[in-house]
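Participant:
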Amino acid sequence: MKPITIPLENYLHQYHGEERSQLQRALAIVSLIADDPNYIRPKGVEVASVLMGFHVDLKTILAAILSDPRLITLKKPIDIEAEFGETVANLVQDVNWLNNIRVYSPEMASQPNQAETLRRMLLSMTQDVRSVLIKLAYRIQRLRNLPQESHDIRHFIAHETLDIYAPIANRLGVHQFKWELEDMGLRYLDPATYKHIAKSLAANRTAREACISNFISLLKQTLAKENIACECYGRPKHIYSIWKKMQRKNLSFDQLYDLLAVRVIVDNLMHCYTVLGIVHSLWQTIPKEFDDYIANPKENGYQSLHTVVLDANGNRIEVQIRTQAMHDYAELGVAAHWSYKEGGKQSATMEKSVAILRKMLDTKNADAATADEFKSELFSDRVYVLTPAGKLVDLIKGSTPLDFAYAVHTDIGHRCRGAKVNGRIVPLTYVLHSGEQVEILTVKEVQPNRNWIDTNLGYLKSPRSIQKVKNWFKGQEIEGEALQPKNELPEPEIKNDTLFNVRPNKTLNRCEVTVAGLDNVQTSFAQCCHPVSGDEIIGYISHHKGIIVHRLDCKNILNLEETKQPQLVTVAWGNSKASHAVPIVVHAFNAQNLLTDVSQVLAQMKIHIFSANLESQPDFSAALNLTLQIANAQQLNEVVKKISQLPAIVNVSRL
């Protein structure tokens, strides 16, 4: 086994006893992959080294080491939970998911909503905020090793970093990560500009540092005489932020005036204005560059005094003055600094979630209550799914494939007749989960189903989707007729409390079904699920019976072998009137007069009975099996509803 240089050894002195033993065990595990000549240094170790500088907790370090992607190649899998506990195992699982997701495309740079949706999805699908921190460290490690990659890969990684990961780091308040992500992203996207700004900064770095030092020294001495306690430090300007300002103000590097910046933090509001007066008395001010964000806070609640002064050598220095509370609010509050820098309206849920995230990062050993708060609050009201083309769609939690269809386009929703999730057929009532890919099966005809707007049936969750369906029916002139389809079938012949069969009516009209828009294809109806007009249906190409039509929620379809799924085709109900032989069973706790009562209900509804079989039990309970002539799903629902309202009925179900 080849020895590997582990920079973490520089940090081992921070750990003792069991903690040090765990760290050494994790390093021993990743050393098992060091025999690979093409993989000299484990990525997880490099990532852990990045995180060590932030004094994160041991579990985060262990998860970073053990999330190394090459560990899955080991012949003997490592039981991380048994070795290091459930928390570390969950963190590793989250990081592996974050490392493997492939959703981003460079086109998102011109689609702000898509980029924002992806950021939210990445945050919402993690169980612990520390996994996001590890992912950011992975991205920094990737960028540091990027020079050896091709030009196209460098550009792709840089675009993704600036569009997705730098904004996430900014939201979490991990500014050291944010600055490095942004600077290295610019370095690979525009090397010439990056080198020009870096060279210009280096040329006068010593002079700038001396200027800031002299400024702070004089200000502190003066404030000490006034008995004003303060924290005063230089605020570095980073290459990417300089470049953004050059772009925003259309200025060259030499024209920028605020490359020198100082932040002053004091105890109370009165001291803010006292310090401002002292600064203005010591140095020449530039009136147009003064902003009072205390008296006039920014829209997101940010408060601070901003002013620009000239020192004795003519250097422009930007000074920010604020209380500790204002500083904490700007850095950690629900209206954090990123809100106005990134632009765009942020929801209250987003702001609350980000505040929780950032507090956890600031707490080395975040307690369980905070972790639970993170899990329950973070985007708990949203779900993020993908179209087949890789576009992200943001939905409310509990949404179904039908909600997805209406979110993509109203017309797709109206024409929806089925859905696949991750390549498998699912019912339209299936509840979607973040990260799933959804494909909608449509027909040419625009024909929503009235069952969709019944919230008890679970087809639609979104009020907006439900309203779209209602609006469609409202626009139809025959809305009233559609609600109660008329049946001119004769009243059934009923025999009381006996087993009987009635010969099916010769005029029974099989409903027309179209396959991929064609109405001349041989079809038959599956006997396992007995679809009726109005049911969500799917077709199965059989070898001898043409297209067999099933209900979309038929268990035989849901459990269909993967090798047979290509035999599924889109089918839809045609326009002809339908009649179907549909079996139902009525369970009652008292058999007396059950058949009579049910028969009377069916006679009033003009429903023809093909067969009836009453099975009584010694305790007087009974099961009445009926085969009825049904026009469509709406009529069947009415039948079930009416029979369920009879006395002694336990339940009515469709077989």
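In my numbering, the protein residues as written are 207 to 861.
The C-beta atom is built at its ideal place from N, Cα and C for all residues, glycine as well.
Source: prediction; values computed, not measured.
To the nearest angstrom, how far is it from the Cα of Asn521 to the Cα of Phe496?
Facilitator: Distance between the alpha carbons of Asn521 and Phe496 is about 16 Å.
Participant: Quick one: which unbroken alpha helix (DSSP H) runs of 4-plus residues sit fully inside the region 396-468? Chain order, please.
Facilitator: If we require 4 residues or more, the alpha helix (DSSP H) runs fully inside the region 396-468 come out as 397-409, 411-431, 445-455.
Participant: Counting C-beta neighbours from all protein chains within 10 Å, is the total for Lys455 16 or more, i.e. buried, or is it exposed?
Facilitator: Per the 10 Å Cβ criterion, exposed.
Participant: Can you round the beta-carbon distance between Leu339 and Val253 to whole angstroms, since I take them to be within the 8 Å contact cut?
Facilitator: At roughly 10 Å, the Cβ-Cβ gap does not stay under 8 Å, so Leu339 and Val253 are not in contact.
Participant: Just curious, the alpha helix (DSSP H) that Ile855 is in, first and last residue?
Facilitator: Run containing Ile855: none in the alpha helix (DSSP H); it sits in the beta strand (DSSP E), 855-860.
Participant: Please state whether DSSP places Glu742 in a helix, a strand or coil.
Facilitator: Three-state DSSP puts Glu742 in coil, outside helix and strand.
Participant: Alpha carbon to alpha carbon, how far is Glu225 from Val862? Give it in angstroms, no decimals.
Facilitator: With the chain covering only 207 through 861, there is no way to say anything about residue 862.
Participant: Taking 8 Å as the CB-CB cut-off, is Gln841 touching chain D?
Facilitator: The chain inventory of the structure shown lacks chain D, comprising one protein chain alone.
Participant: So Leu820 and Leu852 are in contact, right, with Cβ under 8 Å, and what is the actual spacing, rounded?
Facilitator: In fact, because the Cβ distance is near 14 Å, the residues do not count as touching under 8 Å.
Participant: What residue does the beta strand (DSSP E) around Cys734 start on, and which one ends it?
Facilitator: Counting along the chain, Cys734 falls outside any beta strand (DSSP E), and DSSP gives it neither H nor E.
Participant: Which class does Ala837 belong to by DSSP, given the choice of helix, strand or coil?
Facilitator: In the structure shown, Ala837 sits in coil (DSSP, three-state: anything other than H, G, I, E or B).
Participant: Can you tell me whether DSSP reads Arg377 as helix, strand or coil?
Facilitator: If DSSP states are grouped into helix, strand and coil, Arg377 belongs with the helices.
Participant: Residues in the same chain with beta-carbon distance under 7 Å from Gly604, minus the five sequence neighbours each way, listed in chain order, please.
Facilitator: Only Val637, Lys667 meet the Cβ criterion.
Participant: Answer yes or no: do Ala625 and Ser739 have a C-beta to C-beta separation smaller than 8 Å?
Facilitator: It is not a contact, given that the beta carbons lie outside the stated cut-off.
Participant: Of all the options Tyr612, Asp609, Val485, Ile500, which has the alpha carbon lying nearest to the alpha carbon of Gln427?
Facilitator: For Gln427, the nearest C-alpha among the options comes from Val485.
Participant: Alpha carbons only, please: which of Phe421, Leu488, Asp498 is nearest the one belonging to Leu466?
Facilitator: Measuring from the Cα of Leu466, the nearest candidate turns out to be Phe421.
Participant: Going by beta carbon distance, what residues of the same chain come within less than 7 Å of Ile744, once the five residues before and after it are set aside?
Facilitator: The answer, listed in chain order, is Gly624, Ile631, His756, Leu758, Ile763, Leu774, Val777.
Participant: Quick check on Leu268: buried or exposed, where buried means 16 or more other Cβ atoms within 10 Å of its Cβ?
Facilitator: Burial call: buried.
Participant: When the Cβ atoms of the region 657-673 are set against those of the region 604-619, are three or more pairs found closer than 8 Å?
Facilitator: Enough Cβ pairs lie closer than 8 Å, so yes.
Participant: Just how far apart, CA to CA, sit Gly752 and Ile855?
Facilitator: Each residue's alpha carbon lies about 40 Å from the other.
Participant: For Asp498, I'd like the list of residues in its chain whose CB is within less than 7 Å of its CB, leaving aside the five on either flank, ordered along the chain.
Facilitator: Correct list, in chain order: Leu511.
Participant: Who does Ile754 pair with in a DSSP beta bridge?
Facilitator: BP columns for Ile754 point to Ser730, Tyr746.
Participant: How big is the Cα-Cα spacing for Leu378 and Thr720?
Facilitator: In a straight line, the C-alpha of Leu378 is about 53 Å away from that of Thr720.
Participant: Quick check on the burial criterion: 16 or more other C-beta atoms within 10 angstroms. Buried or exposed for Leu663?
Facilitator: By the neighbour-count rule (16 or more Cβ atoms within 10 Å), Leu663 is not buried but exposed.
Participant: Residue range of the beta strand (DSSP E) that Pro824 falls in?
Facilitator: Pro824 -> no beta strand (DSSP E), and no H or E assigned at all.
Participant: Considering Leu297, what are the terminal residues of the alpha helix (DSSP H) in which it resides?
Facilitator: Counting along the chain, the alpha helix (DSSP H) containing Leu297 begins and ends at 292-306.
Participant: For Tyr439 and Gln230, what's the separation of their Cα atoms in angstroms?
Facilitator: The straight-line gap from Cα to Cα measures roughly 38 Å.
Participant: Taking 7 Å as the cut-off, is the beta-carbon of Asp396 closer than that to any non-hydrogen atom of the ligand MN?
Facilitator: This structure lacks the ligand MN, and indeed carries no ligand of any kind.
Participant: Can you give the Cα-Cα distance for Ile492 and His365, rounded to whole angstroms?
Facilitator: Using only the alpha carbons, I get a separation of about 37 Å.
Participant: Pull up the distance between the alpha-carbon of Pro503 and that of His533, whole angstroms please.
Facilitator: C-alpha separation (whole angstroms): 13 Å.
Participant: His357: which of Ala404, Asp396, Gln526, Lys848 sits nearest, CA to CA?
Facilitator: Selected option, being the one with the closest Cα: Asp396.
Participant: Tell me the residue span of the alpha helix (DSSP H) that contains Gln347.
Facilitator: Start and end: 335-350.
Participant: Would you please state the rounded distance, in angstroms, between the beta carbons of Leu462 and Ile448? I believe it to be under 8 Å.
Facilitator: Contact holds; Cβ gap of about 7 Å.
Participant: Is it the case that the Cβ atoms of Gly250 and Ala270 are separated by a distance below 8 Å?
Facilitator: In this structure, Ala270 lies closer than 8 Å to Gly250 by Cβ.
Participant: Taking 8 Å as the threshold (C-beta atoms), are Tyr394 and Leu329 in contact?
Facilitator: Not closer than 8 Å, so no.
Participant: Quick check on Thr266: does DSSP put it in helix, strand or coil?
Facilitator: Of the three classes helix, strand and coil, the one that applies to Thr266 here is helix, per DSSP.
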